[in-house]
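A.B. asks:
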Ligand SMILES: [Zn+2]
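Numbering (the working numbering), first residue to last: 3 to 395.
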């Protein structure tokens, strides 16, 4: 007979992808420590449940009508994708719990490897912002500060450092109307990062957040339980984007505000930053087509499918602030095929000085001026007489 007066652990014993058991991993010493930190008592009862799998590296600890969820760290700090697979599952499970007397904790198990890399630290901060308490934070050398603002999160993600950026990354930004946008792929480990990001964001802002789920072929979305939690948060609107939908819009609509295009620019360049002046205020920076969509649409003898491909290609664009975007679209500025910036001749001297003053970058870096990019430049510049332009530098 279980003495229910003592704190009582229930732990699913089986791993999903390994033959080891949680009963071997979570020793008496560890469980005592967890129990003491949560309830103030070291005495507990424990039940290892051999049905199903432990999803979320999770234990529950019931005491005095409260249910505590404890998610345990991986035993080995490895790649960014595998080390935080479990926590999102745990937080979803926590949100699904109907008992309002509930709490969510994170506990560091003895770990090998470097578990205080910038990425890990970012994730700890996100986990704390999402509402989890760290039971043994002293395990780390530095304290974990939750994020206070959306800008704080955007800056800390630091996707411009390159190594954090990939086709599977989740990107966070603001649009010109100040709305918060999340762009995320719906498969791979990053879909899980998206869930924590959404929960953390919803706890620090009441503003509307638009979550764009980018799928490539079939219509795929985040896992149903994750999506259900996200939709219950109240201020997150979820959208699905795939190529079938974008083609329909592309064929019907004159302007192309393609989500996939913006996502592709994020993958290529990282966070929004004007290529001409480095302005990185996300509300002021836009995706600017090199070969304009209106022209692509008028291209004779090209299938709609191919046109769309060009319209959403990350090589067919750069980030530009609103001023520079406008100047490029008015042909006041031109990007020559070698990547150098040119200004239209015949402008007032003061105007040229103004443009020079606000355009510190006079040549795009080589890594942007790829052969694909140059092809788009050629299309863009077809109608522009080079003799009408002078070098900006
Ligand atoms: Zn600019």
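Glycine included, every Cβ here is placed at the ideal spot set by N, Cα and C.
These numbers were taken from a predicted model, which means no experiment stands behind them.
Beta-carbon of residue 299 versus every beta-carbon of chain C: anything under 8 Å?
C.D. replies: The displayed structure is made up of one protein chain only, and chain C is not part of it.
A.B. asks: Identify the continuous beta strand (DSSP E) that holds residue 288 and give its terminal residues.
C.D. replies: Per DSSP, residue 288 belongs to the beta strand (DSSP E) from 287 to 291.
A.B. asks: Would residue 238 and residue 213 qualify as a contact pair, given that the criterion is a beta-carbon distance under 8 Å?
C.D. replies: Cβ distance < 8 Å, so residue 238 and residue 213 count as in contact.
A.B. asks: If we ignore side chains and look at the alpha-carbon of each, how far apart do residue 378 and residue 291 end up?
C.D. replies: Computed Cα separation, rounded: 9 Å.
A.B. asks: Please tell me whether residue 92 and residue 11 are closer than 8 Å, where the distance is taken between their beta carbons.
C.D. replies: No, the pair does not count as a contact, with Cβ atoms beyond the cut-off.
A.B. asks: Pop quiz: residue 288 and residue 324 are said to be a contact at Cβ under 8 Å. What is the actual Cβ separation, rounded to whole angstroms?
C.D. replies: 6 Å between Cβ atoms; contact.
A.B. asks: So, are the CB atoms of residue 331 and residue 372 less than 8 Å apart?
C.D. replies: No, the Cβ-Cβ distance between residue 331 and residue 372 is not below 8 Å.
A.B. asks: Per DSSP, which residues does residue 323 bridge with? Please list them.
C.D. replies: 287.
A.B. asks: Verify the contact flag: residue 278, CB atom, against every heavy atom of ligand 1, threshold strictly below 7 Å.
C.D. replies: Because some heavy atom of ligand 1 lies under 7 Å away, the Cβ of residue 278 counts as near it: yes.
A.B. asks: Does the beta-carbon of residue 329 have 16 or more other beta-carbons within 10 angstroms, so that it is buried, or is it exposed?
C.D. replies: By the neighbour-count rule (16 or more Cβ atoms within 10 Å), residue 329 is buried.
A.B. asks: Could you pull the DSSP bridge partners for residue 48 from this structure?
C.D. replies: 11, per the DSSP bridge assignment.
A.B. asks: Which residues bound the beta strand (DSSP E) around residue 313?
C.D. replies: Element bounds for residue 313: not the beta strand (DSSP E) but the alpha helix (DSSP H), 306 to 314.
A.B. asks: Rounded to whole angstroms, what's the CA-CA distance from residue 86 to residue 345? Just pull it up for me.
C.D. replies: Answer to the nearest angstrom: the Cα atoms are 49 Å apart.
A.B. asks: Consider the C-beta atom of residue 291 and the heavy atoms of ligand 1; say whether any pair is separated by less than 7 Å.
C.D. replies: No, since every heavy atom of ligand 1 falls outside the 7 Å radius drawn around the Cβ of residue 291.
A.B. asks: Looking only at its chain, what residues have a beta carbon closer than 6 Å to the beta carbon of residue 29, apart from the 5 residues adjacent to it on each side?
C.D. replies: Result list for residue 29: empty, nothing under 6 Å.
A.B. asks: Identify the continuous alpha helix (DSSP H) that holds residue 2 and give its terminal residues.
C.D. replies: Because the chain here runs from 3 to 395, residue 2 falls outside it and cannot be looked at.
A.B. asks: Grab the span of the beta strand (DSSP E) containing residue 109 for me, first residue to last.
C.D. replies: Taken as a continuous stretch (DSSP letters only), the beta strand (DSSP E) holding residue 109 covers 104 to 109.
A.B. asks: Residue 52 and residue 17 look like a contact to me (Cβ under 8 Å); what is the Cβ gap, rounded to whole Å?
C.D. replies: Going by Cβ atoms, the distance from residue 52 to residue 17 rounds to 12 Å, so no, they are not a contact pair.
A.B. asks: Cutting at 8 Å between CB atoms, please list the residues of its own chain near residue 394, excluding the five before and the five after it.
C.D. replies: So the list reads 335, 342, 343, 344, 345, 357, 358, 361, 364, once near-sequence residues are dropped.
A.B. asks: Can you check DSSP and say which residues form a bridge with residue 55?
C.D. replies: DSSP lists no partner for residue 55.
A.B. asks: If you compare alpha carbons, which of 73, 94, 101 is closest to residue 67?
C.D. replies: For the residues 73, 94, 101, the minimum Cα distance to residue 67 belongs to 101.
A.B. asks: For residue 58, count neighbouring C-beta atoms within 10 Å of its own C-beta (all shown protein chains included) and say buried if the count is 16 or more, exposed if not.
C.D. replies: With 16 or more other Cβ atoms within 10 Å, it is buried.
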